[in-house]
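Student:
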Amino acid sequence: MNSDMEKELETEISGVLQELPNLAAPPGFLARTMTALEQPASRRLRPWTQWPMSGRLVFLVLALAVVAGVVVQWEAVEPGLLAGASRRLAPAAAGLKCFWNALAALTGALALAVEHLGWGFMPACLAAAAGVCAVCAGLGAILTRLALARPEKRPL
Amino acid sequence: MTDAKPFEAFLKNHQNMVFSTAMRLVANTAEAEDISQEVFLRAFERFGELADDPRAGGWLKTVAINLSLNHLSRYRARWSFFSELFHRGPAGEQAQIEFAAPDDVEESVAAAERSRMVEQALRQLPPAQRVPLVLFHLEGMKYEEIAAKLGVSLGKVKTSIFRARAALRRKLGPRLRHDGRPGA
Numbered sequence: 001m002n003s004d005m006e007k008e009l010e011t012e013i014s015g016v017l018q019e020l021p022n023l024a025a026p027p028g029f030l031a032r033t034m035t036a037l038e039q040p041a042s043r044r045l046r047p048w049t050q051w052p053m054s055g056r057l058v059f060l061v062l063a064l065a066v067v068a069g070v071v072v073q074w075e076a077v078e079p080g081l082l083a084g085a086s087r088r089l090a091p092a093a094a095g096l097k098c099f100w101n102a103l104a105a106l107t108g109a110l111a112l113a114v115e116h117l118g119w120g121f122m123p124a125c126l127a128a129a130a131g132v133c134a135v136c137a138g139l140g141a142i143l144t145r146l147a148l149a150r151p152e153k154r155p156l
Numbered sequence: 157m158t159d160a161k162p163f164e165a166f167l168k169n170h171q172n173m174v175f176s177t178a179m180r181l182v183a184n185t186a187e188a189e190d191i192s193q194e195v196f197l198r199a200f201e202r203f204g205e206l207a208d209d210p211r212a213g214g215w216l217k218t219v220a221i222n223l224s225l226n227h228l229s230r231y232r233a234r235w236s237f238f239s240e241l242f243h244r245g246p247a248g249e250q251a252q253i254e255f256a257a258p259d260d261v262e263e264s265v266a267a268a269e270r271s272r273m274v275e276q277a278l279r280q281l282p283p284a285q286r287v288p289l290v291l292f293h294l295e296g297m298k299y300e301e302i303a304a305k306l307g308v309s310l311g312k313v314k315t316s317i318f319r320a321r322a323a324l325r326r327k328l329g330p331r332l333r334h335d336g337r338p339g340a
């Protein structure tokens with residue numbers, strides 16, 4: 001098809017489409033939309049990824065605060081005060097408590113080591129850890145290069 | 157909190173335009189209705205700015221286009237959306253839409269009926285052709301803008317629009333007059 005015919009076709013179709021009036025929205029659309037506006041709960045059913053950024057940040061902060069509150073309050077509150085709630089939260093918080101205990105034990109061990117061996121122990125530990133990391137990274141790089149190396153081309 | 161009454165009037169004024177925009181892109185009434193509702197829910201959140209803004213219609217149209225394109229790319233396989241798989245060729249084309257005999261048209265077929273036929277023909281186009289065609293002819297976008305919006309090459313956009321026009325002419329039949337009025 002030459003350019004004149006293409007142009008003619010474009011004009012033809014453009015004329016047809018430009019004449020189209022707006023389609024009528026379905027009869028119940030107005031009522032349905034107004035109802036949706038009056039029900040804020042329906043808005044919250046949107047996926048978290050579609051929430052506004054401020055909403056997501058607030059939610060994140062609140063969620064972290066709740067988790068931190070549960071962990072910290074676990075040991076602090078009177079056993080009888082929140083006994084009911086504690087019982088309900090116990091399964092969920094058990095894992096966090098284990099993690100917390102492990103962290104506390106490690107911190108305690110570190111404090112004891114520092115107390116007995118002096119502050120010089122810390123730089124020595126850090127240096128040892130850095131050395132181990134360097135050795136691992138070096139070995140990893142060598143092995144990766146060996147694995148990905150292409151056979152050398154030799155002239156025939 | 158935005159007052160519902162003024163917003164209801166705003167919604168009444170623009171609902172057909174928003175629904176038409178979505179409907180011509182997604183070609184499905186239920187999906188177009190959902191998209192239109194989402195457009196107005198977003199407009200409600202910004203109604204303070206939009207209420208007296210003469211560009212509110214443009215804002216609504218832009219959001220409707222974006223949501224429709226998001227919907228198409230999210231819920232339909234992208235590979236088929238812009239591939240030629242939808243292009244069934246002459247053998248697979250839908251049957252040509254029957255217009256009334258030329259002599260009867262001017263007397264019996266109203267403009268509304270003609271529009272309905274064109275809308276139907278438009279809906280029968282594969283999305284890969286319909287979407288660029290609608291963006292070009294109805295939304296007034298340039299080829300380059302369409303290519304950027306759809307994430308395809310400029311050549312692909314031009315080819316798709318050309319094929320869409322040719323298919324539309326085939327569907328509307330040889331009675332499509334040169335002044336762009338079908339059925340004369």
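The listed protein sequences correspond, in order, to chains W and H. Take 1 as the starting number for the first sequence in the working numbering and just add one per residue. Take 157 as the starting number for the second sequence in the working numbering and just add one per residue. Even glycine gets a Cβ: it sits at the ideal position worked out from N, Cα and C.
(1) Which whole runs of the alpha helix (DSSP H) in the region 99-148 of chain W are 4 residues long or more, in chain order?
(2) Which residues in the same chain as Arg180/H place their Cβ atom closer than 7 Å to its Cβ, once the five residues preceding and following it in sequence are excluded?
(3) Using the Cα positions of Leu103/W and Leu96/W, report the straight-line distance between them to the nearest angstrom.
(4) Residues in the same chain with beta-carbon distance under 7 Å from Ser3/W, minus the five sequence neighbours each way, listed in chain order, please.
(5) Strictly under 8 Å for the Cβ-Cβ distance: is His293/H near chain W by that measure?
(6) Helix, strand or coil: how does DSSP classify Val308/H here?
(7) With 16 as the cutoff for other CB atoms within 10 Å, does Ala65/W come out buried or exposed?
(8) Which residue from Arg272/H, Ala304/H, Leu228/H and Leu306/H puts its Cα closest to that of Leu16/W?
(9) Alpha carbon to alpha carbon, what distance is there between Ala127/W and Leu106/W?
(10) Across the region 141-148 of chain W and the region 12-28 of chain W, are there enough close Cβ pairs to call them in contact, namely three or more that are closer than 8 Å?
(11) Do you know how far the Cα of Val114/W is from the Cα of Cys125/W?
(12) With a Cβ-Cβ cutoff of 8 Å, do Ser192/H and Phe175/H count as a contact?
(13) If you draw a straight line from the alpha carbon of Gln252/H to that of Leu324/H, how long is it in whole angstroms?
(14) Please name the residue, chosen from Asn169/H, Thr177/H and Ala165/H, that lies closest to Arg286/H on a Cα-to-Cα basis.
(15) List, in chain order, every chain W residue whose beta-carbon is nearer than 9 Å to that of Glu274/H.
(16) Using a Cβ-Cβ distance under 8 Å, would Thr181/W count as near chain H?
(17) Roughly how many angstroms separate the alpha carbons of Trp215/H and Phe196/H, rounded to a whole number?
(18) Suppose you measure from the CA of Thr315/H to the CA of Glu164/H; what does that come to, to the nearest Å?
(19) Is the separation between the beta-carbon of Gln280/H and that of Lys327/H shorter than 8 Å?
(20) Could you give the first and the last residue of the continuous alpha helix (DSSP H) run that contains Gln280/H?
(21) Could you please give the first and the last residue of the uninterrupted alpha helix (DSSP H) stretch that includes Gly205/H?
(22) Would you please state the rounded distance, in angstroms, between the beta carbons of Lys168/H and Leu57/W? I believe it to be under 8 Å.
(23) Could you give the DSSP three-state label for Leu8/W: helix, strand or coil?
(24) Assuming Arg319/H contacts Ile13/W (C-beta within less than 8 Å), just tell me the rounded distance between them.
(25) Report yes or no: is there a C-beta of chain B within less than 8 Å of the C-beta of Pro26/W?
(26) Please report the distance separating the alpha-carbon of Glu205/H from that of Trp51/W.
(27) Could you give the C-beta distance for Leu37/W and Ala160/H, rounded to a whole number, given that I count them as a contact under 8 Å?
Tutor: In short:
(1) 121-148
(2) Leu278, Val290 and Leu294
(3) 10 Å
(4) none
(5) yes
(6) coil
(7) exposed
(8) Before going on, a small fix: residue 16/W reads as Val here, not Leu. Ranking the options by Cα distance to Val16/W, first place goes to Arg272/H.
(9) 19 Å
(10) no
(11) 11 Å
(12) yes
(13) The predicted position of Gln252/H is uncertain, since its pLDDT is 45 and thus under 50; no value can be drawn from it.
(14) Thr177/H
(15) The amino acid occupying residue 274/H in the given sequence is Val; Glu does not appear at that position. Under the 9 Å cutoff, chain W gives Val16, Leu17, Glu19 and Leu20.
(16) Because chain W is modelled from 1 through 156, residue 181/W falls outside the range shown and cannot be assessed.
(17) 11 Å
(18) 42 Å
(19) yes
(20) Ala267 to Gln280
(21) Going by the sequence as given, residue 205/H is Glu instead of Gly. Here the alpha helix (DSSP H) through Glu205/H covers Phe203 to Leu206.
(22) With 8 Å as the limit, Lys168/H and Leu57/W do not qualify as a contact, their Cβ atoms being about 36 Å apart.
(23) In the sequence as displayed, the identity of residue 8/W is Glu instead of Leu. Of the three classes helix, strand and coil, the one that applies to Glu8/W here is helix, per DSSP.
(24) About 12 Å; that fails the 8 Å criterion.
(25) Absent from the structure: chain B. Protein chains present are W and H.
(26) 20 Å
(27) 7 Å
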